[in-house]
Every structure is written in C-alpha cells, then in structure tokens.
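Peer 1:
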C-alpha cells in the first residue's frame with residue numbers, strides 16, 4: 003500500500019519513524035456535507051488497529067441516533083478491534099429554543115461539561131483516538147476558549163489522535179492542527195428542496 007512521500011523533511015531532530023508515529027490533531031470543517039462521516043471513517047481505521055476510541059458528540063441531541071453510533075458500538079463489542087465509548091454531550095442545536103427550567107443546565111453548560119470530560123480523558127490517556135464531533139461550533143460561538151483547547155491539545159500526553167468536526171473552525175485551531183480539510187459544497191439535494199433521508203444523513 004503506498005504511504006506517500008513527504009515533500010518537506012523538517013529539521014526537527016526526529017527520525018522518520020518518530021515523525022511518522024507522532025500523534026495528530028485533525029480538523030474537518032467547511033459548509034459541505036461529510037465532516038462527521040469522514041471522522042467516523044477514520045474511527046473505523048482506528049478500531050481496526052485495536053485502538054480504544056472515544057466519541058464525544060457535541061451539540062446534537064442525545065436522542066439523535068446516527069448510524070455510525072450503532073455500527074461503531076457493535077464493532078467495539080466484538081472484541082476483534084478497539085473498544086468504543088460514545089459520549090453524548092449535547093441537548094440539541096443551539097437555535098432550537100426552549101425554556102430552561104430553574105437549576106437546569108443550558109446547552110452551553112453541557113458543552114463545557116463535555117469539554118471538561120475530554121480534558122480528563124486526555125490527561126488519563128484513556129483513548130488513542132478521539133472524535134470531537136461538532137466541537138468546532140462551540141469554539142466559533144465562544145462557549146469554549148479556543149486558546150485553551152489548543153493548549154490542552156498541545157500538551158496532551160502519550161499517543162492520542164484527535165479529530166474535530168464542525169463548521170467555522172477558528173483560524174487559531176486550524177493553524178495549530180496537523181491536518182485540516184475544508185469540505186466545500188458544490189451541490190446538495192437540499193438545494194432542490196429535498197430533505198435528509200435514512201442511510202444518507204443518519
């Protein structure tokens with residue numbers, strides 16, 4: 003299988019093997035469809051390598067059942083690849099307005115709580131592959147400080163890969179990340195008035 007040849011060899015004192023095995027921070031952003039789908043595809047590769055996987059689904063409702071959740075959980079239970087833990091950290095899209103009862107957590111509170119859990123897991127090296135799904139929205143909205151996120155990721159111990167998805171990823175995060183993919187939209191069924199459907203959107 004071709005592994006590609008880098009066009010640049012940095013003078014960083016690392017061997018080719020050390021550089022190849024360096025843990026990565028990856029960002030999937032942009033207005034096009036496929037950001038989360040691509041991240042979950044990478045999680046499948048991580049599962050195949052036997053890596054423990056932590057998925058942190060931000061913003062989307064805890065009631066939202068995506069196909070990738072069922073598939074990855076089932077794979078994680080086979081004992082043939084890595085384990086899979088799926089964490090739902092959100093209550094729903096921020097533009098779905100509803101009354102918050104006294105003492106009840108807001109969307110922002112739940113997002114911050116989720117980020118605190120991610121920080122704990124990184125510190126404990128709980129997983130080798132993290133999917134922070136829709137996490138870029140929280141940085142864009144200012145719910146979580148981008149500088150703090152970059153600092154935590156920069157100082158994470160061990161061999162922990164992190165992929166972050168969501169539109170409008172802040173420039174500071176993209177500058178720090180090792181891999182950034184911008185999903186652009188050329189055409190979408192919604193442009194012709196077609197809503198999402200089973201097997202394609204979920």
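Residue numbers (this note's numbering): 3 to 204. Glycine residues also receive a C-beta, built at the ideal position from the N, C-alpha and C atoms.
In chain order, what residues of the same chain have a beta carbon less than 7 Å from the beta carbon of residue 184, not counting five sequence neighbours either side?
Peer 2: Cβ neighbours of residue 184 beyond the five flanking positions: 31, 32.
Peer 1: Report yes if the CB atom of residue 180 is closer than 7 Å to the CB atom of residue 26, and no otherwise.
Peer 2: Cβ atoms of residue 180 and residue 26: closer than 7 Å.
Peer 1: Does the Cβ of residue 112 have 16 or more other Cβ atoms within 10 Å, making it buried, or fewer, making it exposed?
Peer 2: That one is buried.
Peer 1: In whole angstroms, what separates the C-alpha of residue 15 from that of residue 123?
Peer 2: Approximately 30 Å, taken between the alpha carbons.
Peer 1: At which residues does the alpha helix (DSSP H) containing residue 152 begin and terminate?
Peer 2: Unbroken alpha helix (DSSP H) run through residue 152: 148–156.
Peer 1: Can you list, in chain order, the stretches of the beta strand (DSSP E) that have 3 or more residues and sit fully within the region 116–197?
Peer 2: Listed in chain order, they are 131–135, 163–167, 181–184.
Peer 1: Between 197, 74, 139, which has its C-alpha nearest residue 171's C-alpha?
Peer 2: Per the Cα distances, 139.
Peer 1: Nearest by alpha-carbon distance to residue 129: which of 57, 118, 46, 155 is it?
Peer 2: Minimum Cα distance to residue 129 is reached at 57.
Peer 1: Quick check on this structure: which residue in 177, 163, 169, 7 has the alpha carbon closest to the alpha carbon of residue 23?
Peer 2: Minimum Cα distance to residue 23 is reached at 163.
Peer 1: How big is the Cα-Cα spacing for residue 136 and residue 127?
Peer 2: Taking the straight line joining both Cα atoms gives about 22 Å.
Peer 1: Using the rule of at least 16 other Cβ atoms within 10 Å of the residue's Cβ for burial, across every protein chain shown, is residue 70 buried or exposed?
Peer 2: The residue is buried, with at least 16 neighbouring Cβ atoms inside 10 Å.
Peer 1: Which of the three DSSP states is assigned to residue 20 in this structure?
Peer 2: Helix, per DSSP.
Peer 1: Where are the alpha helix (DSSP H) runs, 4 residues long or more, that stay fully inside the region 42–79, in chain order?
Peer 2: If we require 4 residues or more, the alpha helix (DSSP H) runs fully inside the region 42–79 come out as 69–78.
Peer 1: Examine the Cβ distances between the region 71–89 and the region 153–161 and report whether three or more of them are shorter than 8 Å.
Peer 2: Touching, no.
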